[in-house]
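Have a look at the structure below before the remarks.
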Amino acid sequence: MKAAVLNNNKFEIREVPRPSLKEHENGAIVKVIGCGLCGSDLVKIRTGKAKNGTVLGHEVVGEIVEINTKTNFEEGDKIVLGHHVPCFNCIYCWGGNYSMCRHFKDTNIIPGGFAEYIYVSEEHLKNTVFQVNANLSDVEAAFLEPLGCCIRAVKRSGIEDDTKNLIIGLGSIGILMGQVVNCYGNKSFGCDLIYDRVRLSENYNFEKSFFIQDEETVLNEMKNYAPYGFDNVFLTAGSSKSLDFAVKAVRDGGKIIVFSSTKDNLAGFKNNDIYYRELTIMGSYSPSPMDLEDSIELIESGKVNVSGLSEVYPLAQINKAVNETLSNTIIKAFIKI
Ligand SMILES: [Zn+2]
Ligand SMILES: [Zn+2]
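Read left to right, the sequence shown gives residues 4 to 340 (this note's numbering).
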C-alpha cells in the first residue's frame, strides 16, 4: 500500500507493507478515507522529533474493512478515532490526567494516518473509536480529535458560566476553542497577528476578534470589553511573544491555559506575576476518551461549526499541504488518501 513516509523533514510517498489482522490477535483494519494534518505533525517534522521512516497522521476518518473483536463495530462502518488509549488504572488516570498515562503514550494506530490502511486495536475500538453519522462530511468528521483537545482545555480551565475568554491565535484550533467556550455558556474573544484570520473568525461566533497591529492599542481596546482583563486566556499560537501578551490580557486571579509548544522553549512566565497577581498557569494536552465522546456530540449536533476551515489535498501533494500550512496560506489541511 502507499504511505507518506518521513525522510529528512519531508514526506516521500512509498510502498509499505499493508497491516494485516494476521499479525495481531484482534482489532480492525481500516481503509483510510482521509486524515487531517495537525499542528503537532508539523512540530514533529520541523524538530526532527519523529524519526525517518515514520508515518505520521492521527486525525483519521476511515472505513472498517476487516474486523475481529468483541465490539459492536462491523465491516463497512465509517469511523473516526483517537489514537491513544489510557489504562484507566494508574496514578495519572486516577488524577484525571489521562494524556499523561504511560499506556496512553505507548498506544497508537499502525502505521499512521497518512497511509491507505491502518491497524486499530481492540482497546482503541472499545474506547476511542466512534461511528460517523452519514450526514457528516469526511472533512468535518476528521475534526473529532482536535476538537476533543479543545474540549479538554476548556474543561480543565474549570470554566463557569459567563466568563470572558481570550483565545490567542485564530488558526483552526483557536477557532474551535472559541466555539467550545461558547458551548459551555461563556463568551469568547479572539486575537491574531494575521488580519485574514481575524476576519475569518467572525464567522464562528466570537464576541469580538482583535487584529494585533500594536499590542498596547489592542490591550486598551480590549478594556472596553473586559475592563478587568479576561478571566481565562487560551494560548494556541505557539509563539514565545504571546506569553507576555497573555499575562497582560488576563485579569488578576485569572487563568492562562497553555495549549501549544513554543519553538525555543526559553520563554516563561515570571514568578512575581504569578505570585502578586494570583495567576493560575495550566497546560492541557491531548484528549481523554470522554472528551472525544463530547467532541463527536458537538460536531454531529452542529453546535461546533467545523466547515470552511480545511483545504483538501491528495496524498501525493502532502508536502505542498505542509508548506501551505506553515506559510499560513491555509488554515488547515485534510489529506485525501
Ligand atoms: Zn491532532
Ligand atoms: Zn493510566
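Beta carbons are placed, not taken as given, at the ideal position from N, Cα and C, and that holds for glycine.
In this structure, what does DSSP give as the bridge partners for residue i?
i: residue 360; result: Examination of residue 360 is not possible in this model, given that the chain is present from 4 through 340 alone.
i: residue 317; result: 339
i: residue 120; result: 34
i: residue 235; result: 168, 258
i: residue 136; result: Note: residue 136 sits in no beta bridge, so no partner.
i: residue 163; result: The partner list for residue 163 (beta bridge, DSSP) is empty, contrary to what the question assumes.
i: residue 58; result: Paired residue(s): none; residue 58 is not in a bridge.
i: residue 253; result: 233
i: residue 39; result: 62, 337
What did DSSP end up calling residue i once you bin it into helix, strand or coil?
i: residue 191; result: strand
i: residue 407; result: With the chain running from 4 to 340 in the structure shown, residue 407 is simply not present.
i: residue 152; result: helix
i: residue 101; result: helix
i: residue 4; result: coil
i: residue 28; result: coil
i: residue 18; result: strand
i: residue 181; result: helix
i: residue 334; result: coil
i: residue 112; result: coil
i: residue 328; result: helix
i: residue 307; result: coil
i: residue 53; result: coil
i: residue 76; result: coil
i: residue 266; result: coil
i: residue 246; result: helix
i: residue 312; result: coil
With distances taken from CA atoms, which of the options is nearest residue i?
i: residue 70; options: 100, 22, 220; result: 22
i: residue 132; options: 276, 112, 119, 117; result: 112
i: residue 26; options: 35, 122, 73, 55; result: 122
i: residue 267; options: 253, 260, 254, 242; result: 242
i: residue 166; options: 192, 156, 147; result: 192
i: residue 66; options: 143, 119, 15, 197; result: 119
i: residue 36; options: 330, 168, 317; result: 317
i: residue 240; options: 337, 299, 172; result: 172
i: residue 124; options: 155, 110, 12, 117; result: 110
i: residue 8; options: 320, 87, 142; result: 320
State the start and end residues of the unbroken beta strand (DSSP E) segment that holds residue i.
i: residue 174; result: Residue 174 -> no beta strand (DSSP E), and no H or E assigned at all.
i: residue 298; result: Where residue 298 is concerned, there is no enclosing beta strand (DSSP E), although the alpha helix (DSSP H) it sits in stretches over 292 to 303.
i: residue 84; result: 81 to 84
i: residue 284; result: 283 to 286
i: residue 67; result: 62 to 71
Quick check: is any heavy atom of ligand 2 less than 6 Å from the C-beta of residue i?
i: residue 86; result: no
i: residue 1; result: No statement about residue 1 is possible, as the shown extent of the chain runs from 4 to 340 and does not include it.
i: residue 186; result: no
i: residue 106; result: yes
i: residue 95; result: yes
i: residue 89; result: yes
Could you tell me whether any non-hydrogen atom of ligand 1 is closer than 6 Å to the CB of residue i?
i: residue 327; result: no
i: residue 38; result: no
Could you pull the start and end residues of the alpha helix (DSSP H) that residue i belongs to?
i: residue 50; result: 42 to 50
i: residue 221; result: 218 to 226
i: residue 273; result: Careful: residue 273 lies outside any alpha helix (DSSP H) and carries neither H nor E.
i: residue 204; result: 198 to 204
i: residue 92; result: Careful: residue 92 lies outside any alpha helix (DSSP H) and carries neither H nor E.
i: residue 130; result: 125 to 130
i: residue 144; result: 141 to 144
Could one say the Cβ of residue i lies closer than 7 Å to chain B's Cβ atoms, at least one of them?
i: residue 59; result: Protein chain content of the structure displayed is limited to a single chain, and chain B is not contained in it.
What residues does ligand 4 have around it, judged by CB closer than 6 Å to any heavy atom, in chain order? For ligand 4, the structure offers nothing, since it holds only ligand 1 and ligand 2.
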